[in-house]
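**Q** Have a look at this one.
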Amino acid sequence: MKKFVVLYNAPQSAESMMADSSPEAAAEGMKLWMDWAAKAGAGLADLGTPLGGGKVVGNSGVSDAETGVGGYSVLQAEDMDGALKLLEGHPHFLMAPEARSPSTKRSTFRACKAAPAVEIVGPGRALRAGTQHSARAHDPGKAPYDMHMAPFTVTRNALIPAAPADVFPFVNNFHEWTKWSPWEAVDPKLNRSYSGNESGVGAKYAWSGNNKAGTGTMEIVGSEEPGKIDIRLEFTKPMKAVNPTGFTFVPEGDGTRVTWTMTGENKGLGKIFALFMNMEKMVGGDFEKGLTALSAVATRKNS
36 MKKFVVLYNA
46 PQSAESMMAD
56 SSPEAAAEGM
66 KLWMDWAAKA
76 GAGLADLGTP
86 LGGGKVVGNS
96 GVSDAETGVG
106 GYSVLQAEDM
116 DGALKLLEGH
126 PHFLMAPEAR
136 SPSTKRSTFR
146 ACKAAPAVEI
156 VGPGRALRAG
166 TQHSARAHDP
176 GKAPYDMHMA
186 PFTVTRNALI
196 PAAPADVFPF
206 VNNFHEWTKW
216 SPWEAVDPKL
226 NRSYSGNESG
236 VGAKYAWSGN
246 NKAGTGTMEI
256 VGSEEPGKID
266 IRLEFTKPMK
276 AVNPTGFTFV
286 PEGDGTRVTW
296 TMTGENKGLG
306 KIFALFMNME
316 KMVGGDFEKG
326 LTALSAVATR
336 KNS
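Numbers 36 to 338, taken from my numbering, label the letters of the sequence shown in order.
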């Protein structure tokens, strides 16, 4: 078995590539990545589910527009043809199947529009002049960049024309989330279950749905009426992640300034998605929709 480095060429940053993408397009791109990663073994605990005689043994979700590198994967295969076979279901080519260039089939794929080009670099070859700030040969078994991704925070706030005591209950009780949560409409057949306390600390909610909705749980771990709520948000599908989430309710004039915050860290498959998915835009957009809906239901109650 030999190792082959696959370079994702990015003439611009991941953020700028996704800046004009709709949430729907971003979600579809994420699904393509998940499907390919699951088949190729990327990001799994054993870092390698066999596929076509080869497997993915490493990934870097790092975008560097200055050097034109948008991340890379390390493939393990018998030969170049085996490495190419691993890429047949790669999202870049599913999004732009006509982009493959026959004249450079064994070394380069040219992708169209927003999909970066992809190169396969054999063992002992330099990744590219300037990639590591020196054109020395790269050992495919070692990452040219630090693969650690910094924690992220997504925050949105809105001024709701209602008192904190009138807004707080809609967040403190998961049964009320169906009236305003931005994710309730993602899957009309979403399965929901409630356990623990009716509201406040100990209240639990679990959901299971389609590819967009995924599967996960929420539990209220802190509740200070009417000013603050802390939630443990855990995703089990499509990716495993735990994201602490919080709400604050601060009086402002005749209304309430509600701030919704989620924190987390990109790891595993999240490293791959972070290259192409703008977490701030995707999650932040959902938060904005949710706060608008929360304002509507709280205002109706107060009228």
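Just so it is clear, CB atoms sit at the ideal spot from N, CA and C, and this is done for glycine as well.
Just to confirm my understanding: we take Glu233, look at its own chain, exclude 5 residues before and 5 after, and list those with CB closer than 6 Å. What are they?
**A** Counting only Cβ-Cβ distances below 6 Å, and skipping sequence neighbours, we find nothing.
**Q** Taking all protein chains shown into account, do 16 or more other C-beta atoms lie within 10 angstroms of the C-beta of Asp289, making it buried, or fewer, making it exposed?
**A** exposed
**Q** Three or more C-beta pairs closer than 8 Å, one from the segment 212-220 and one from the segment 320-335: is that the case here?
**A** yes
**Q** Quick one: what does DSSP say Pro132 is sitting in, helix, strand or coil?
**A** With a pLDDT of 36 at Pro132, under the threshold of 50, the modelled position of this residue cannot be trusted; read the value that follows with caution. Residue state, collapsed to three classes: helix.
**Q** Buried or exposed: Thr291, going by 16 or more other Cβ atoms within 10 Å of its Cβ?
**A** buried
**Q** For the 8 Å Cβ check, are there 3 or more pairs between the segment 265-285 and the segment 240-254?
**A** Contact between the segment 265-285 and the segment 240-254 is present, because at least three Cβ pairs lie under 8 Å.
**Q** How should Leu162 be labelled, buried or exposed, when 16 other C-beta atoms within 10 angstroms of its C-beta is the threshold for buried?
**A** At Leu162 the pLDDT is 30, less than 50, meaning the model places this residue with poor confidence; the figure from the coordinates comes in the next sentence. Leu162 is buried by the Cβ-count criterion.
**Q** So for Leu326, helix, strand or coil by DSSP?
**A** helix
**Q** Is it right to say Leu304 is buried, meaning 16 or more other beta carbons lie within 10 angstroms of its own, or is it exposed?
**A** In this prediction, Leu304 scores a pLDDT of 44, lower than 50, which makes its location untrustworthy; the coordinate-derived value is nonetheless stated afterwards. Buried: at least 16 other Cβ atoms inside 10 Å.
**Q** Spatial neighbours of Trp295 within its chain, please: C-beta separation below 8 Å, excluding the five flanking residues on both sides.
**A** Thr190, Arg191, Asn192, Thr280, Gly281, Phe282, Phe322, Gly325 and Leu326
**Q** According to the neighbour-count rule (16 or more other Cβ atoms, all chains shown, within 10 Å of its Cβ), is Pro199 buried or exposed?
**A** buried
**Q** Kindly indicate the opening and closing residues of the alpha helix (DSSP H) around Ala200.
**A** First-last of the alpha helix (DSSP H) with Ala200: Pro199 to Asn207.
**Q** Could you tell me whether the Cβ atoms of Ser243 and Asn207 are closer together than 8 Å?
**A** no
**Q** Quick check on Glu287: buried or exposed, where buried means 16 or more other Cβ atoms within 10 Å of its Cβ?
**A** exposed
**Q** To the nearest whole angstrom, what separates the beta carbons of Ala333 and Val202, a pair I think is in contact under 8 Å?
**A** 5 Å
**Q** Can you list, in chain order, the residues of its chain whose CB lies under 6 Å from that of Glu211, leaving out five sequence neighbours each side?
**A** Phe205
**Q** Looking at the unbroken beta strand (DSSP E) that takes in Leu265, where does it start and where does it end?
**A** A quick correction: the sequence has Asp, not Leu, at residue 265. Residues Lys263 to Lys272.
**Q** Along the beta strand (DSSP E) that carries Asn278, what are the first and last residues, could you check?
**A** Ala276 to Glu287
**Q** In its own chain, which residues sit with a C-beta less than 8 Å from the C-beta of Val236, not counting the 5 before and 5 after it?
**A** Ile255, Val256, Gly257 and Ser258
**Q** Note down the Cα distance separating Lys336 from Ile195, rounded to an integer number of angstroms.
**A** 12 Å
**Q** Return the residue from the list Val277, Gly320, Val285 and Phe284 that minimises the CA-CA distance to Pro186.
**A** Val277
**Q** May I ask you to list the residues that DSSP assigns as paired with Asn226?
**A** Ser243
**Q** Applying the 10 Å Cβ sphere with the 16-neighbour rule, what's the burial state of Tyr240?
**A** buried
**Q** Hey, how far is the Cα of Val285 from the Cα of Asn246?
**A** 36 Å
**Q** Which one or two residues does DSSP pair with Pro186 in a beta bridge?
**A** Note: Pro186 sits in a beta bridge opposite Glu300.
**Q** Could you have a look at Trp212 and say whether DSSP puts it in helix, strand or coil?
**A** helix
**Q** Along the chain, where does the beta strand (DSSP E) containing Ser234 start, and where does it finish?
**A** Element bounds for Ser234: n/a, residue is neither H nor E.
**Q** Measuring only the C-alpha atoms, how far is Gly320 from Ala197?
**A** Each residue's Cα considered, the two are about 23 Å apart.
**Q** Please list, in chain order, all residues of the same chain as Thr188 whose beta carbon is under 6 Å from its beta carbon, the five residues on each side excluded.
**A** Thr298
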